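Asks:
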Amino acid sequence: MKTQHLFSSAALGLAAIQQAVACSTQSTHITFYGSPDNDPPGSTETAYTCGAVSGRGSNAGGTGTYQDPLTFATAKGEFNDCEIIYAPYLKKYLIYQDFCAQCTEDWTSSGTWHIDIWTGDSTNGGNTQIACENSLTPDSNQDIVRSPATNLEVDTNPTFSNGQCHTDHTYDNADASQYCNGGSGGGGSGSCSWEGHCADQQFDALIVGAGFSGIHQLNELLKLGLSVRVIDLASDIGGTWHFNCYPGAMSDTESFVYRYSWDKEDLQTYPWKNHYVHQPEVLEYLRHIVAKYDLRKHMQFNTEMLSADWDDEAQVWRVATSTGEVMAARYLVAALGVLSKRNIPDIPGASTFAGRLTHSASWSPDIDVRNKRVGVVGNGSTGVQIITDIAPKVASLTCFQRHPQYSVPSGNGPVTPAHRAWVNANYDAIWAQVRSSAVGFGFEESTRPVHSVPPAERAAIFERLWTRGNGFRFMFEGFGDIATSPAANDEACAFIRRKISQIVTDPIKAAKLTPREPLARRPICDAGYFAQFNRPHVDVVDLLATPIDAITPAGVRTADGRVHELDILVFATGFDAVDGNYTRIALRDRHGVALADRWAAGPSSYLGVFAGDCPNLFMVNGPQAPFCNNPPAFEAAVALITAALKHWSE
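Numbered per mature numbering (1 follows the signal peptide of the UniProt record, and there is no 0), the sequence shown spans residues -22 to -1, 1 to 628.
(1) Provide the residue(s) that pair with V355 in DSSP beta bridges, ordered along the chain.
(2) Q75 and P14 look like a contact to me (Cβ under 8 angstroms); what is the Cβ gap, rounded to whole Å?
(3) Could you spell out where the beta strand (DSSP E) holding V534 opens and where it closes?
(4) In whole angstroms, what is the alpha-carbon distance linking V311 and H337?
(5) Could you tell me which residues DSSP puts in a beta bridge with F10?
(6) With a 10 Å radius around its C-beta and 16 neighbouring C-beta atoms as the bar for buried, classify P609 as buried or exposed.
(7) Around the Cβ of A(-3), are there at least 16 other Cβ atoms within 10 angstroms (buried) or fewer (exposed)?
(8) Spatial neighbours of Y224 within its chain, please: C-beta separation below 6 angstroms, excluding the five flanking residues on both sides.
(9) Could you tell me if F452 is buried or exposed, where buried requires 16 or more neighbouring beta carbons within 10 angstroms of its beta carbon?
(10) Check W400 in the structure and name its three-state DSSP category.
(11) Just mark Y584 as buried or exposed, buried being the case when its beta carbon has 16 or more other beta carbons within 10 Å.
(12) What does the alpha-carbon distance come out to for the pair T299 and S285?
(13) Near E628, what residues of its chain come up, given a Cβ to Cβ distance below 6 angstroms and the 5 sequence neighbours on each side ignored?
(14) Would DSSP call C158 helix, strand or coil?
(15) Check H175 in the structure and name its three-state DSSP category.
(16) Please go through the same chain and pick out, in chain order, the residues whose beta-carbon is closer than 6 angstroms to the beta-carbon of D230, but skip the five residues on each side of it.
(17) Might you give, ordered along the chain, the residues of its own chain that have their beta carbon closer than 6 angstroms to the beta carbon of K201, omitting 5 neighbours on each side?
(18) Compare the Cα-Cα distances from F473 to each of Y507, A434, Q510 and report the closest residue.
(19) If you run the structure through DSSP and keep just helix, strand and coil, what is P485?
(20) On a CA-only basis, which of S36, T483, F596, A532 is nearest P514? Give me that one, please.
(21) Output the boundary residues of the beta strand (DSSP E) element that contains Q120.
(22) Would you report the Cα separation of Q31 and V516, rounded to the nearest angstrom?
(23) Please classify F190 as buried or exposed, where buried requires at least 16 neighbouring CB atoms within 10 angstroms.
(24) Does DSSP classify A298 as helix, strand or coil?
(25) For S213 versus F279, is the C-beta spacing smaller than 8 angstroms?
(26) Using 8 angstroms as the threshold, is the C-beta distance between I215 and I185 below it?
(27) I'd like to know if the segment 48 to 66 and the segment 76 to 92 are in contact, where contact means that at least 3 CB-CB pairs between them fall below 8 angstroms.
(28) Return helix, strand or coil for D15, following the three-state DSSP convention.
(29) Are there three or more Cβ pairs, one per stretch, closer than 8 angstroms when the segment 231 to 239 is compared with the segment 595 to 615?
(30) For a quick check, are the C-beta atoms of G104 and Y71 less than 8 angstroms apart?
(31) Quick check on this structure: which residue in G391, T462, A572 has the alpha carbon closest to the alpha carbon of A498?
(32) Count the other CB atoms, across all protein chains shown, that sit within 10 Å of the CB of N58; report buried if there are 16 or more and exposed otherwise.
(33) Quick one, which of P249, T281, A550 has its alpha-carbon nearest H266's?
(34) What's the C-alpha gap between A603 and F181?
(35) Given that a residue counts as buried once 16 or more other Cβ atoms are within 10 Å of its Cβ, and exposed if not, what is D178?
(36) Measure how close the beta-carbons of G315 and V386 come, nearest whole angstrom, since I'm counting them as under 8 angstroms.
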């Protein structure tokens, strides 16, 4: 293990550290390090200076008490900076104070939990100490306790001192579960406030999902004075924006309405730079909001809801999680998002591919497309964004397309001072219009029929919309009947087809890229999608003419027998949208019937919020919710849920 002095110090208060997660256990790979294999060798330097052990500075150490926890190193993001945990294997409290390269590799490549514990001696014990580190390392994973009580049993004996290795002070396979069942600390105590219906943790409300909607719902319920916990299977906030970090990932909603409306002051202090926001900017915005309102301490990550059952006698939801905990809550809010459950195509031979295969929502930062032969399956919004972004960088790009898309320019660019001033001055009016509109994208929807104007004027309006950019504006701002009148729809389609033929110079490629169906899918906008096919190394495969036959070690074989040789294959195949996140888990109604079975013939809800026979279950933009700009739709659902809980609590 080598530490690296890479990150700025974090001086977190002890209370904040302990409130970061609720008491829980986690199976973890444990190793040890010390002065001889530190970075730089022979030093006690650490990556962080922690407020809980401020007298220690940037130096490893500690006896293992709660007041003097022993240093451990791990991957950035695996634990909260300066978080204190308890290791039953040593009967010591530990504090996350350092960086571990091997832990980072394990965490990013396979999600393996790994901590490297300081052996406790500030002197350089050389090879003897390194041998001790190996002897102290257990043969199997051990459970650690997150957000432990402050009064657990402690063994203050050092693991290595004066050239001696103290393996007799390790406690292999200690039962960690007992440490969340009592004492004083930041987590739940496993008490039975609803007698006969014990749970590891109990709350007034449990919110599942830490994306746009879950964050807002948490903030609103805390205002009611409720005890609330947010859980999320991801390692941090963001929801779909946490996972969808593929090249070119960007919101297709204009930035001045792709935010929370309820913090007017925040627009002045945290404005968007461009008319559209890319994935890293969305994440930074959500982190900013969470920090501003001090919400992170109510969140627990790396925790997936596996099942949820209504306890009719106790009048609570009992939620089983991937950590092994059972949580009980009077109110269960499913803020699961609409784009999370991945659609993975079942193509023969996928496991034999010798290159890198990934779904767009599983994109890893270590994927380097430069000078590679890349294939992209799918050309919805995600596929269009990926293709447009990587086309200039790759050696070759093969786009496997089943249905060509109607896509218009996004019109992205820097927000001008004049536009910023207009938004700031008209903030209230903008959001009043959004809430009263049909689609909520920040513009007035037209009521003008396509055929109410002469052909020349019609063409000029379409041209203006094309130049202005945004797929939703193209469909709804210029005319009012593109989505309802076949004849009007034909006019819009014909305009985009002409644009494709003007942009794409190769007539064979242009024919493949030209849609013939009505414009009836979610409108797509792009940053130069069609122009990428003028590059000689970018091609499109019509899967209706030559379907994919199999994936081979070399690439993708189509029905014409051709093998498209690839180094990287990307499935931009979207999601089981809207109800997929509800049907993939064992979420059961009061009769024990899973929603997947209740909805076998199609989902059913009231306002996309309430599901039949599921008392106190609320869905934020669940099935049958409005199809529109998501943030204001989330806010409307959250307002309804919050009003209901406020009414019942009074």
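A virtual CB, placed ideally from N, CA and C, is assigned to each residue, including glycine. Keep in mind it's a predicted model, so treat the numbers as computed, not measured.
Replies: Taking the coordinates as given:
(1) According to DSSP, V355 bridges with F378, F549.
(2) About 18 angstroms; that fails the 8 angstroms criterion.
(3) Going by DSSP, V534 is part of the beta strand (DSSP E) stretching over 533 to 536.
(4) When the Cα atoms are used, V311 and H337 turn out to be separated by approximately 28 angstroms.
(5) For F10, the beta-bridge partners assigned by DSSP are I95.
(6) Burial check for P609: the Cβ neighbour count within 10 Å reaches 16 or more, so the residue is buried.
(7) With a pLDDT of 33 at A(-3), under the threshold of 50, the modelled position of that residue is not reliable, and the figure given next carries that caveat. Under a 10 Å Cβ-count criterion, A(-3) is classified as buried, with 16 or more other Cβ atoms of the shown protein chains found around its own Cβ.
(8) So the list reads S338, W341, I364, once near-sequence residues are dropped.
(9) Result: buried.
(10) Here W400 sits in helix by DSSP.
(11) The residue is exposed, with fewer than 16 neighbouring Cβ atoms inside 10 Å.
(12) Approximately 7 angstroms between the Cα atoms of the pair.
(13) Setting aside the 5 residues that flank it on each side, E628 has no residue in the same chain whose C-beta is closer than 6 angstroms to its C-beta.
(14) Correct three-state label for C158: helix.
(15) For H175, the predicted model reports a pLDDT of 43, less than 50, meaning its position is unreliable; a value from the coordinates is still stated below. Coil.
(16) Cβ within range, chain order: C503.
(17) When the five nearest sequence neighbours on each side are left out, no beta carbon in the same chain lies closer than 6 angstroms to the beta carbon of K201.
(18) Cα-wise, what sits closest to F473 is A434.
(19) Annotated three-state conformation of P485 is helix, per DSSP.
(20) P514 has its Cα closest to that of T483, out of S36, T483, F596, A532.
(21) Residues 120 to 124.
(22) With the sequence shown as reference, residue 31 is identified as Val, and Gln is not the correct amino acid for it. Going by the C-alpha atoms only, they are around 56 angstroms apart.
(23) Flag for F190 reads buried.
(24) Looking at A298 - three-state DSSP - the assignment turns out to be strand.
(25) For the pair S213 and F279, the CB atoms are nearer than the 8 angstroms cut-off.
(26) Remark: C-beta atoms of I215 and I185 do not approach each other more closely than 8 angstroms.
(27) Of all C-beta pairs linking the segment 48 to 66 to the segment 76 to 92, three or more are shorter than 8 angstroms, placing the two stretches in contact.
(28) Helix.
(29) With a cut-off of 8 angstroms, the segment 595 to 615 and the segment 231 to 239 count as touching, because enough Cβ pairs lie within range.
(30) Going by C-beta atoms, G104 is not nearer than 8 angstroms to Y71.
(31) Looking at the Cα atoms, T462 is the closest of the given residues.
(32) Classification for N58: buried.
(33) For H266, the closest of P249, T281, A550 by C-alpha to C-alpha distance is P249.
(34) In this structure, the straight-line span from the alpha carbon of A603 to that of F181 is close to 27 angstroms.
(35) Answer is buried; the Cβ neighbour count reaches 16.
(36) Their Cβ separation, rounded to whole angstroms, is 26 angstroms, which puts G315 and V386 out of contact at 8 angstroms.
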